Amino acid sequence: MTGGDWLTLDVTASTEAWHRFHGLNRASIGGTASYKHKFGLGYAAPGISLALAGSHDNYRSAIRDSDSLEARAELGQRFNEAFDASLGAVFDRRYARSDLPVVPGMSGRVFDMHGKSAFVRAGYALTEQLQAGANFAVRRGDVVSTTRQHREIFLESDAIAADPAFGDDFFAYRLRGTSTTRTTAVTLSWALSNRSSVNFRYADERTSAYEGLDYRGRIAALSFAFNY
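Set out below in structure tokens:
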């Protein structure tokens, strides 16, 4: 747009196939509009970015079919040629398209969710080709999990639906607005060329909900990115 303003429009399509839990197989299409502004010249000038993303997701398990929106704002700065950092906030909203209740008087729209997050991140170029990064985020909002029939958990839930993706006797339940998730992640990115890279990410997620309803997850991902 100008020397200090950028507008980017992305369209994405993706699919996932699971070896064991076929109900999680997914096809998705979406898009993102992002605006970036730099407050001055040179690498040390701070900048701000605003982004709005949306997606339409179809799962083999119908209770997960949904439309999602995410709004993000981020303020960042490069302090020298090797080190940069930023902080920001995210609002996420997921609109479930299936309502399959199993308890009279209780919603079956388990995956109708919203949340708010804050995050800080930093990146450091170890070499011209290798960059390391770290990210810490805190999210407050809804959380969904799956369990076998469990009276105590169901009493704390505000939406319940059968979840055949994990078995005939499993149920998905939603805890509304009272859960806090803390995510710590580290990344490594190796540039193979000006257009491609190999990327590794490891994340530890810890969610605290009602008394005794705590969850922990670990995610390791290896990806290849190519820009054209």
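In terms of the numbering used here, the sequence shown opens at residue 61 and continues consecutively.
Quick reminder that beta carbons are idealized off the backbone N, C-alpha and C, glycines included.
These numbers were taken from a predicted model, which means no experiment stands behind them.
- Nearest C-alpha to F230 among T244, P161, R208 and A131: R208.
- If you ignore the 5 residues before and after L282, its C-beta comes within less than 6 Å of the C-beta of F260, all in its own chain and listed in chain order.
- Counting C-beta atoms within 10 angstroms of its own C-beta, S74 has fewer than 16 neighbours from the protein chains shown and is therefore classed as exposed.
- For Q191, the closest alpha carbon among the candidates L110, F143 and N85 is that of F143.
- When C-alpha distances from P161 are compared across T267, N195, D223 and K98, the shortest belongs to D223.
- Looking at the backbone, the Cα of T206 and that of R236 are separated by about 15 Å.
- Per DSSP, the beta bridge partners of S249 are Q191 and N259.
- Excluding sequence positions up to five before and after F81, its CB lies within less than 7 Å of the CB of A225 and F226, all in the same chain and listed in chain order.
- Distances from the alpha-carbon of D117 to those of K176, R157 and D65 put R157 closest.
- Boundaries of the alpha helix (DSSP H) around R211: R211 to E216.
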